[in-house]
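A.B. asks:
Protein chains: 2
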Amino acid sequence: MTKMKDNTADQTLCPVARAETVVGDRWTVLVLRELFARNHRFEEIQAQSGGTPQMITARLKKLEADGLVTRRVYNKRPLRHEYHLTEKGEAFFPVLMALRAWGETWCKSPREGRAMNYTHLVCGKPAGLGPVCESCGEPVRRADMVGERTPKYQRERDARWEAFKATR
Amino acid sequence: MTKMKDNTADQTLCPVARAETVVGDRWTVLVLRELFARNHRFEEIQAQSGGTPQMITARLKKLEADGLVTRRVYNKRPLRHEYHLTEKGEAFFPVLMALRAWGETWCKSPREGRAMNYTHLVCGKPAGLGPVCESCGEPVRRADMVGERTPKYQRERDARWEAFKATR
DNA sequence: CCATATTGCTATGAAAATCATAGTAACAAG
DNA sequence: CTTGTTACTATGATTTTCATAGCAATATGG
Chain A
1 MTKMKDNTAD QTLCPVARAE TVVGDRWTVL VLRELFARNH RFEEIQAQSG GTPQMITARL
61 KKLEADGLVT RRVYNKRPLR HEYHLTEKGE AFFPVLMALR AWGETWCKSP REGRAMNYTH
121 LVCGKPAGLG PVCESCGEPV RRADMVGERT PKYQRERDAR WEAFKATR
Chain B
169 MTKMKDNTAD QTLCPVARAE TVVGDRWTVL VLRELFARNH RFEEIQAQSG GTPQMITARL
229 KKLEADGLVT RRVYNKRPLR HEYHLTEKGE AFFPVLMALR AWGETWCKSP REGRAMNYTH
289 LVCGKPAGLG PVCESCGEPV RRADMVGERT PKYQRERDAR WEAFKATR
């Protein structure tokens, strides 16, 4: 034998399994990253995540269906939408920050340097990687932080955008 | 046009993208969940995650290759291995806890109840869902917590194990 | 000894997802 | 009336996943 019943994971009480049916996918997480980075347009999301349009459309539709994202008209004629995080979507922030902390610590050689640096607005100092500010020790919320891209990461993103535009 | 160069994400400075190449997959996260739940045997991991053996073998191999998991012989003749988290794997704990918090809060109706309750050993009280103990306010580490399954969730897992054994 | 159970997988073919590439729709601007 | 912009959809090849089955190496019970 091999498999049991289908635990499509909405059949379980486990919150991790439940969450994974929504965000258990590379593209979905990258789309969310872009939305948190305040990139709300389809093109930008596609360019920075590196996905095909189908991948991005599919994830955005699913995220909308799952209540993490809303579409907002920013232009009628031609009709154009921006994608924004809902409260449920915004609440995903701590997961992304935890993932970031793990990625910075365990998926990079030290010489590569950070992608982003966050400043904790409450104390005005660097927030570091953890769930509490490394400078003042208070738990950090998204609203209390400003993130700034390091020059290297900014250049990387600019280059990606240029490369994307070049092929259109 | 449609796609740009391949950002296989080890080509980026972004720690989220880097992390996702390792753990950006439903099965991988469920396997990690089981390892954190101290289920170290192939069968248990398969039964509780609900995957096919190939899915589980593939994830365990990849997790080993990525340095999150080590195989440990627990029986020669017949040769049998247990899967254990490395330091890198253990470090993933905050991500899982953040995912748990989000899942409990946003992927469940209130009446369903929790899957687990953690006690913060430092203060002896409930740790809650956040990165800091809801009782004493200190940041919680995995070593400072004991998790207990709620009866309902325990029954669910027992049932899954029985169902699994029944089909073998 | 010999049949059955245990554990940890591998094999196989069908179904579904993903990829790269190309193209379309609906306008705006010059 | 041609070119550009934005947000997709279409298509066919490739890759992954799924469900089902089976196997290898022993332990265990009779």
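Chains as they are written, first to last, in the numbering used here: chain A, 1 to 168; chain B, 169 to 336.
Cβ atoms here follow ideal geometry from the backbone N, Cα and C, with glycine treated the same way.
Three-state secondary structure (DSSP) at A/T119?
C.D. replies: For the purposes of this step, residue 119 of chain A is taken as residue 119 along the first sequence, with counting starting at 1. DSSP places A/T119 in strand when its eight states are reduced to three.
A.B. asks: Pick from B/R206, B/Y242 and B/V197: whose alpha carbon is nearest that of B/M223?
C.D. replies: Here the question's residue 223 of chain B lines up with position 55 in the second sequence. Per the Cα distances, B/V197.
A.B. asks: If I'm right that B/E232 touches B/T225 with Cβ under 8 Å, what's the distance once you round it to whole angstroms?
C.D. replies: Counting from 1 along the second sequence, the entry for residue 232 of chain B is found at position 64. Counting from 1 along the second sequence, the entry for residue 225 of chain B is found at position 57. So it is not a contact: roughly 11 Å between Cβ atoms.
A.B. asks: Are the CB atoms of A/K152 and A/A47 nearer to each other than 9 Å?
C.D. replies: In the first sequence, residue 152 of chain A corresponds to position 152, counting from 1. In the first sequence, residue 47 of chain A corresponds to position 47, counting from 1. No.
A.B. asks: Helix, strand or coil for B/K171, going by three-state DSSP, please let me know.
C.D. replies: As a working note, residue 171 of chain B is residue 3 in the second sequence. Model confidence at B/K171 stands at a pLDDT of 48, short of 50, so the residue's coordinates are unreliable; what they give is reported in the following sentence. Coil, per DSSP.
A.B. asks: Measure the alpha-carbon distance for A/T105 versus B/T254 and round it to whole angstroms.
C.D. replies: Stepping through the first sequence from its first residue, residue 105 of chain A is reached at position 105. Stepping through the second sequence from its first residue, residue 254 of chain B is reached at position 86. Distance between the alpha carbons of A/T105 and B/T254 is about 14 Å.
A.B. asks: Under the three-state reduction of DSSP, which class applies to A/L85: helix, strand or coil?
C.D. replies: Locating residue 85 of chain A in the first sequence gives position 85, counting from the first residue. DSSP places A/L85 in strand when its eight states are reduced to three.
A.B. asks: Going along chain A in order, which residues have a C-beta closer than 9 Å to the C-beta of B/Y321?
C.D. replies: To locate residue 321 of chain B, count along the second sequence from 1; it is residue 153. Result: T12, L13 and C14.
A.B. asks: Which chain A residues sit within Cβ distance under 8 Å of B/D193?
C.D. replies: Taking the first residue of the second sequence as 1, we reach residue 193 of chain B at position 25. G24, D25 and R26, listed in chain order.
A.B. asks: Going along the chain, which residues of its own chain have a beta-carbon closer than 6 Å to the beta-carbon of B/V314, five neighbours each way excluded?
C.D. replies: As a working mapping, residue 314 of chain B is identified with position 146 in the second sequence. Closer than 6 Å at Cβ, skipping near neighbours: T287.
A.B. asks: Below 7 Å on C-beta distance, what does B/E324 contact in chain A?
C.D. replies: Here residue 324 of chain B is taken as the residue at index 156 of the second sequence, counted from 1. Per Cβ cutoff of 7 Å: T12 and L13.
A.B. asks: Can you tell me whether B/D193 is buried or exposed? The criterion is at least 16 other CB atoms within 10 Å of its CB, across all chains shown.
C.D. replies: Here the question's residue 193 of chain B lines up with position 25 in the second sequence. Buried, by the Cβ-count rule.
A.B. asks: Any Cβ of chain B within less than 9 Å of the Cβ of A/T57?
C.D. replies: Position 57 of the first sequence holds residue 57 of chain A. Not closer than 9 Å to any Cβ of chain B, the Cβ of A/T57 fails to qualify, so no.
A.B. asks: Assuming A/V69 is part of the alpha helix (DSSP H), what are its boundary residues?
C.D. replies: Here the question's residue 69 of chain A lines up with position 69 in the first sequence. No alpha helix (DSSP H) contains A/V69, which is instead part of the beta strand (DSSP E) from V69 to N75.
A.B. asks: Near B/T318, which residues of its chain fall below 8 Å by C-beta distance, leaving aside the five closest residues on each side in sequence?
C.D. replies: Residue numbering aside, residue 318 of chain B sits at position 150 when the second sequence is read from its first letter. If we look at B/T318 and ignore the five residues flanking it on each side, its Cβ neighbours are G281, R282, A283, M284 and N285.
A.B. asks: What does the alpha-carbon distance come out to for the pair B/L236 and B/R227?
C.D. replies: As a first step, residue 236 of chain B is located in the second sequence; it is residue number 68 there, counting from the start. As a first step, residue 227 of chain B is located in the second sequence; it is residue number 59 there, counting from the start. Each residue's alpha carbon lies about 11 Å from the other.
A.B. asks: In angstroms, rounded to a whole number, what distance separates the CA positions of A/D144 and A/V122?
C.D. replies: In the first sequence, residue 144 of chain A corresponds to position 144, counting from 1. In the first sequence, residue 122 of chain A corresponds to position 122, counting from 1. Rounded to the nearest angstrom, the two C-alpha atoms are 6 Å apart.
A.B. asks: For A/T21 and B/L264, I'd like the C-alpha separation in whole angstroms.
C.D. replies: Counting from 1 along the first sequence, the entry for residue 21 of chain A is found at position 21. Counting from 1 along the second sequence, the entry for residue 264 of chain B is found at position 96. Going by the C-alpha atoms only, they are around 14 Å apart.
A.B. asks: Could you work out which residues of chain A lie near B/C275, taking near to mean beta carbons separated by less than 7 Å?
C.D. replies: Within the second sequence, the letter at position 107 stands for residue 275 of chain B. By Cβ distance, chain A contributes P15, R18, A19 and V22.
A.B. asks: Between the C-alpha atoms of B/K276 and B/R268, what's the straight-line distance to the nearest angstrom?
C.D. replies: Residue mapping note: residue 276 of chain B aligns to position 108 of the second sequence, counting from 1. Residue mapping note: residue 268 of chain B aligns to position 100 of the second sequence, counting from 1. B/K276 and B/R268: Cα-Cα distance of roughly 11 Å.
A.B. asks: If the cut-off is 9 Å on Cβ atoms, which residues from the stretch 278-292 of chain B count as contacting chain A, listed in chain order?
C.D. replies: The stretch 278-292 of chain B vs chain A, Cβ under 9 Å: E280, G281, R282, A283 and M284.
A.B. asks: Identify which residue in A/T167, A/E156, A/H81 and A/E162 has its Cα closest to the Cα of B/C182.
C.D. replies: Here residue 182 of chain B is taken as the residue at index 14 of the second sequence, counted from 1. Looking at the Cα atoms, A/E156 is the closest of the given residues.
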